[in-house]
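Novice: So for the sequence shown, the numbering used here puts the first residue at 589; every next one is plus one.
Every residue, glycine too, gets a C-beta built ideally from N, C-alpha and C.
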Amino acid sequence: MLKVGVLVSGGGTNLQAILDKKAAGYLPECEFVSVVASKPGVYALERAANFGIPGTVICKKDYASQDEYDKALVEHFTEKGVGLIVLAGFLTILGKTFMDAFEGRIINVHPALIPSFCGKGFYGLKPHEKALEYGVKVTGATVHFVELEADAGPIILQKAVYIKEDDTAETLQKRVMKEAEWEILPEAIKLFSEDKLKLEGRIVKISD
Ligand code: GAR
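1. With respect to 7 Å, is the separation between the Cβ of threonine 601 and the closest non-hydrogen atom of ligand 1 below this value?
2. So, under 8 Å CB-CB, valine 697 and glutamate 769 are touching, yes? Tell me the CB distance rounded to an integer number of Å.
3. Leaving out five residues before and five after glutamate 717 in sequence, what residues of the same chain have Cβ atoms less than 8 Å from its Cβ?
4. Going by the C-beta, is phenylalanine 639 closer than 7 Å to any heavy atom of ligand 1?
5. Give me the Cβ distance between glutamine 746 and threonine 730, rounded to the nearest whole Å; I'm assuming they're in contact under 8 Å.
6. Give the C-beta separation of alanine 605 and leucine 760 to the nearest angstrom, bearing in mind that I take them to be a contact with Cβ-Cβ under 8 Å.
7. Where in the stretch 695–737 do unbroken runs of the alpha helix (DSSP H), each at least 4 residues long, occur, reported from the N-terminal end onward?
8. Quick check: valine 624 and glycine 593, are their CB atoms within less than 8 Å of each other?
9. Please confirm if the stretch 729–744 is in contact with the stretch 682–699, defined as three or more CB-CB distances below 8 Å between the two stretches.
10. Please go through the same chain and pick out, in chain order, the residues whose beta-carbon is closer than 7 Å to the beta-carbon of tyrosine 651, but skip the five residues on each side of it.
11. Mind checking whether the beta-carbon of tyrosine 651 lies closer than 7 Å to any heavy atom of ligand 1?
12. Quick one: residues in its chain with C-beta nearer than 8 Å to the C-beta of valine 662, no 5 flanking neighbours on either side, listed in chain order?
Put into structure tokens, the structure is as follows:
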């Protein structure tokens with residue numbers, strides 16, 4: 589059984605999608621052992637509690653440095669025996685100490701087709717605002733392995749979403765979540781838990 593830890597910063601609809609799939613029997617190899625929030629009071633913690641998953645708040649501002657913060661997270665997830673870290677709408681920067689401790693075992697969902705509309709500052713509505721501003725006809729979501737550089741790690745899955753003429757950043761954000769993020773994040777977790785993801789350089793090969 590793969591023990592999974594989830595990092596969240598907000599509403600937690602991606603967390604909900606994962607836990608709904610787990611409840612429906614889609615992730616038999618995964619046990620969700622801990623949800624860690626970057627600040628208190630986020631709704632994602634309530635969603636975790638509803639599924640009986642322990643929630644913890646670990647705030648960066650309570651630590652003297654990035655390294656101390658990283659160490660606190662590493663200690664927490666190591667104690668829980670976590671083998672996969674899922675960033676599900678997690679908006680705090682993680683440092684080298686964390687990356688090294690969980691190398692190749694951290695995945696993130698991003699609300700755009702990387703390498704478009706990604707990198708530092710591209711979170712929340714921003715990727716959608718920029719996609720509309722640029723006039724692209726297709727956007728979507730990406731699940732990728734996490735490396736130190738933001739949104740730059742090897743891509744695991746992507747799903748496209750067509751833009752409508754009357755879309756606003758808000759309507760687009762909702763559709764990208766529903767049609768893409770909530771599908772490909774649980775799928776990537778499943779593939780990882782079944783040991784079906786193999787890295788060749790920066791290319792992720794998916795076996796049957
Ligand atoms: C999601 O759209 C996720 O892709 C995005 O934050 C939202 C969190 O929603 N993440 C990023 O922008 C990371 N760069 P949720 O809390 O409802 O899952």
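Specialist: Put simply:
1. yes
2. 5 Å
3. Ala757
4. no
5. 5 Å
6. 18 Å between Cβ atoms; not a contact.
7. 714–722
8. yes
9. yes
10. Tyr657 and Ala660
11. no
12. Thr685, Phe686, Ala689 and Phe690
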